[in-house]
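S.K.: First residue of the sequence shown? That's 14 in the numbering used here, and the numbers climb one at a time after it.
Positions of the beta carbon are idealized from the N, C-alpha and C atoms, including for glycine.
Treat the numbers as computed from the prediction; the structure is a model and nothing was measured.
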Amino acid sequence: MRAPADLPADLLDTLAEVARLTAEANGSWWIFGGAAMRLYGARDIVPADVDVLLAPDDAKTILIAEGIDQTSDGGSDRFRSQVYGTITKAPLPIDILGGFQVYHGADWRPVLLKSIERIILPFGTIQVPTLPELIATTRQLGRQKDFDRAQQLEALLPLA
Numbered sequence: 014m015r016a017p018a019d020l021p022a023d024l025l026d027t028l029a030e031v032a033r034l035t036a037e038a039n040g041s042w043w044i045f046g047g048a049a050m051r052l053y054g055a056r057d058i059v060p061a062d063v064d065v066l067l068a069p070d071d072a073k074t075i076l077i078a079e080g081i082d083q084t085s086d087g088g089s090d091r092f093r094s095q096v097y098g099t100i101t102k103a104p105l106p107i108d109i110l111g112g113f114q115v116y117h118g119a120d121w122r123p124v125l126l127k128s129i130e131r132i133i134l135p136f137g138t139i140q141v142p143t144l145p146e147l148i149a150t151t152r153q154l155g156r157q158k159d160f161d162r163a164q165q166l167e168a169l170l171p172l173a
């Protein structure tokens with residue numbers, strides 16, 4: 014799949030850095046959140062950062078290679094990661110989320126993405142979940158803004 018032609022320069026440059034950082038990842042990884050939504054054509058979403066979901070071991074490897082302190086991020090009362098760090102050398106911050114989890118009811122549940130859609134960009138290829146999986150996972154995050162964004166994304170689904 015080709016990315017929209019009108020991606021902001023700061024997002025494109027940051028995605029190029031993500032492609033470099035994840036080139037040696039042993040497991041699957043995904044661009045998630047607002048950046049993934051923008052890649053699918055949600056033009057009114059302006060990402061403030063780029064979230065990268067991947068396995069904890071790959072997250073550790075990337076953060077160590079970049080000299081970034083890795084922490085287990087308690088995040089918030091709704092989200093956390095087993096391994097977390099922010100890389101700030103790209104135009105937008107890159108949040109590395111290893112073992113990302115969402116709180117549901119009385120327990121923490123891992124966000125386990127399964128699908129991969131490869132997006133072709135001028136510098137190479139990056140990965141996002143398929144649009145249906147991105148919509149479903151965005152809804153699982155449970156905030157009003159997530160429900161609103163999922164609804165926006167549904168408008169981008171091809172008609173059956």
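1. What I want to know is whether the C-beta of residue 113 ends up closer than 7 Å to one or more non-hydrogen atoms of the ligand COA.
2. On the CB-based measure, 16 or more other CB atoms within 10 Å of its CB, does residue 173 come out buried or exposed?
3. Nearest-angstrom Cα distance between residue 174 and residue 125?
4. Note down, one range per segment and in chain order, each beta strand (DSSP E) of at least 3 residues found wholly within the region 97 to 126.
5. Given a cut-off of 8 Å, decide if residue 106 and residue 62 are closer than it, judged by their beta-carbon atoms.
6. To test your reading of the DSSP string, which unbroken beta strand (DSSP E) runs of 3 or more residues are found completely within the region 23 to 105?
7. Does residue 33 pass the burial test, meaning 16 or more other C-beta atoms within 10 Å, or should it be called exposed?
8. Check the C-beta distance from residue 110 over to residue 66 and give it rounded, since I have them as a contact under 8 Å.
M.R.: In short:
1. As presented, the structure is devoid of all ligands, the ligand COA included, so that no description of it is given.
2. On the sequence shown, position 160 is the one that residue 173 refers to. For residue 173, the predicted structure reports a pLDDT of 48, less than 50, and the residue's modelled location is therefore unreliable. The matter cannot be settled from this model.
3. Residue 174 is absent from the model: the chain starts at 14 and stops at 173.
4. 107 to 117 and 120 to 123
5. As a first step, residue 62 is located in the sequence shown; it is residue number 49 there, counting from the start. As a first step, residue 106 is located in the sequence shown; it is residue number 93 there, counting from the start. For residue 62 and residue 106, yes; Cβs fall inside 8 Å.
6. 42 to 45, 63 to 67, 84 to 86 and 92 to 100
7. Locating residue 33 in the sequence shown gives position 20, where the first residue counts as 1. Exposed, by the Cβ-count rule.
8. Looking up residue 110 in the sequence shown gives position 97. Looking up residue 66 in the sequence shown gives position 53. With 8 Å as the limit, residue 110 and residue 66 qualify as a contact, their Cβ atoms being about 5 Å apart.
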